[in-house]
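Peer 1: The structure's right below; bear with me while I get my questions together.
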Amino acid sequence: MRNIKLLLGMGIGALFLSGLPAVAEVTTSIKNKTAEITIKVDDSLKAYPKLFENLAAEGKVWAAKADAEAEVELKELPKRPVSTSPWSYERSYNLRSAVGPYIGVLRQDYTNTGGAHPNRYTDTILWDRDAGKRISIRPLFNETEDGGPTMTALAKLVRAALAQEKKRRDAPVASDPAKDEWLRSVKPWLLKLGPISLAPSTERDKSSGLSFHFSPYMVGPYVEGDYVVFVPWTDLKPYLSAQGTALFGGTRPASDKDQQP
Numbered sequence: 019m020r021n022i023k024l025l026l027g028m029g030i031g032a033l034f035l036s037g038l039p040a041v042a043e044v045t046t047s048i049k050n051k052t053a054e055i056t057i058k059v060d061d062s063l064k065a066y067p068k069l070f071e072n073l074a075a076e077g078k079v080w081a082a083k084a085d086a087e088a089e090v091e092l093k094e095l096p097k098r099p100v101s102t103s104p105w106s107y108e109r110s111y112n113l114r115s116a117v118g119p120y121i122g123v124l125r126q127d128y129t130n131t132g133g134a135h136p137n138r139y140t141d142t143i144l145w146d147r148d149a150g151k152r153i154s155i156r157p158l159f160n161e162t163e164d165g166g167p168t169m170t171a172l173a174k175l176v177r178a179a180l181a182q183e184k185k186r187r188d189a190p191v192a193s194d195p196a197k198d199e200w201l202r203s204v205k206p207w208l209l210k211l212g213p214i215s216l217a218p219s220t221e222r223d224k225s226s227g228l229s230f231h232f233s234p235y236m237v238g239p240y241v242e243g244d245y246v247v248f249v250p251w252t253d254l255k256p257y258l259s260a261q262g263t264a265l266f267g268g269t270r271p272a273s274d275k276d277q278q279p
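Counting from 19, one number per residue, gives the positions in the sequence shown under the numbering used here.
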C-alpha cells in the first residue's frame, strides 16, 4: 500500500508539474543528431507581451546552451553507438497565477540524457507587469535576512507542510520535520525554501498564500516524485510588510487544491 501511494503521489506530481497547457506556442525548436530541444510558452502569457518576450528570449538562450553541451558531451562518450538517440530537452513556461500586477509563472524543465530515468525540475518566476521586470517576494515581508525570524518561521512552516504531505502518501518522514534527513534541505534562507509562487485566491486581485514547488530529489527520493505544498497567508501575517498585507487575502480556491497536493 505504501509503495502504491508513493507511486500515485509521483504520478500526480508528474502530471501537474510536467503537464503542458492546452495551447502553447513553440518559440524555439532544435533538432539534430545530438539533441532535440523544444521551448514552449503558454498562450495565456501573450496577455503580457513583455513577459512573453522575456520568457521566449530566456528559453532560446537555454536551448542554445543545451544544444552545445549535448554536442560536446556525446562526442566525448567512449564507444558511443551510432544508433544512440539524441538527447531530449524540453522547457515550458506556464501561467501559475495573476494577482494584481504580479504574474506568477512555472518554468518546467524536462531532460533525457540517456540515464536511468529522465529528470525534471520546476522553478518559479514572479513578474511585475507595472515595472516590466522579474521581482523577488522580499518586499512582501518586513525582513528576509538569512536565519532571521521570517525565514526561520517560513522554513518551519514549509517543513511541517511537507511532513504532512509525506504522511498522506505513506512516505517515510521523521516525527520532528527539522530532523528529517530530506527536509533538512529546507533552510531558513529565501533561496533555500524551494521555488515559491503566489497562490490564487477566492478574493479578486489577492493571493491566498505561498506555494512551494519541489522537484524529485529535492525533499525526497525520485520515487516520491514532486511535492507542492501550500502555506496560507494567515500563517504569514506576523511577518508581512504593508505591501504584503495589501496583497494577501481570501482563501485558496478548490480548483487550485485539485491541481496541487
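Every residue, glycine too, gets a C-beta built ideally from N, C-alpha and C.
Using alpha carbons as the reference points, say which of I143, I57, S193, T263 lies closest to S115.
Peer 2: When only C-alpha atoms are compared, the closest one is I143.
Peer 1: Between which two residues does the alpha helix (DSSP H) carrying W80 extend?
Peer 2: 67-94
Peer 1: Cutting at 6 angstroms between CB atoms, please list the residues of its own chain near E108, excluding the five before and the five after it.
Peer 2: T56, Y128
Peer 1: When you compare only the Cα positions, how much space is there between T102 and P136?
Peer 2: Near 16 angstroms, if we compare the C-alpha coordinates of P136 and T102.
Peer 1: When burial is assigned at 16 or more other CB atoms within 10 Å of the CB, is P218 buried or exposed?
Peer 2: buried
Peer 1: Thinking C-alpha only, which one of F232, S106, L254 is nearest L47?
Peer 2: A small correction: the amino acid at residue 47 is Ser; Leu does not occupy that position in the sequence shown. Checking every option, the nearest Cα to that of S47 belongs to S106.
Peer 1: When we look at the beta-carbon of S215 and count the other beta-carbons within 10 Å, is it buried (16 or more) or exposed?
Peer 2: buried
Peer 1: Please confirm whether N137 has its beta-carbon closer than 9 angstroms to some beta-carbon of chain D.
Peer 2: Absence of chain D from the displayed structure is noted, only one protein chain being present.
Peer 1: Return the CA-CA distance between N112 and R186, expressed in angstroms with no decimal places.
Peer 2: Going from the Cα of N112 to the Cα of R186 covers about 27 angstroms.
Peer 1: For G212, which residues of its own chain have a beta-carbon under 8 angstroms away from its beta-carbon, when the five flanking residues on both sides are left out?
Peer 2: V176, V204, F230, H231, F232, M236, V237
Peer 1: Measure the alpha-carbon distance for A192 versus V41 and round it to whole angstroms.
Peer 2: Cα to Cα, the separation comes out at about 42 angstroms.
Peer 1: Go to A179, then tell me how far its alpha helix (DSSP H) extends in each direction, as first and last residue.
Peer 2: 167-186
Peer 1: Short check: CB of E91 to CB of T131, under 9 angstroms?
Peer 2: yes
Peer 1: Where do the ends of the alpha helix (DSSP H) carrying A264 lie?
Peer 2: 260-265
Peer 1: Considering only C-alpha positions, which residue in the set R152, A86, K51 is nearest to L73?
Peer 2: R152
Peer 1: Report back the beta-carbon spacing between G268 and V249 to the nearest angstrom; my notes put them in contact at under 8 angstroms.
Peer 2: In fact, because the Cβ distance is near 15 angstroms, the residues do not count as touching under 8 angstroms.
Peer 1: On a Cα-Cα basis, can you pick out the residue from Y120, R147, L201 that is closest to K68?
Peer 2: Here the closest residue by C-alpha is R147.
Peer 1: Can you tell me the Cα-Cα spacing of L208 and Q126, whole angstroms?
Peer 2: 20 angstroms
Peer 1: Going by other Cβ atoms of all chains shown within 10 Å of its Cβ, with 16 needed for buried, is R222 buried or exposed?
Peer 2: exposed
Peer 1: Is it buried or exposed for R156, if we count other Cβ within 10 angstroms and need 16 for buried?
Peer 2: By the 16-neighbour rule on beta-carbons within 10 angstroms, R156 is exposed.
Peer 1: For Y235, does the three-state DSSP call read helix, strand or coil?
Peer 2: coil
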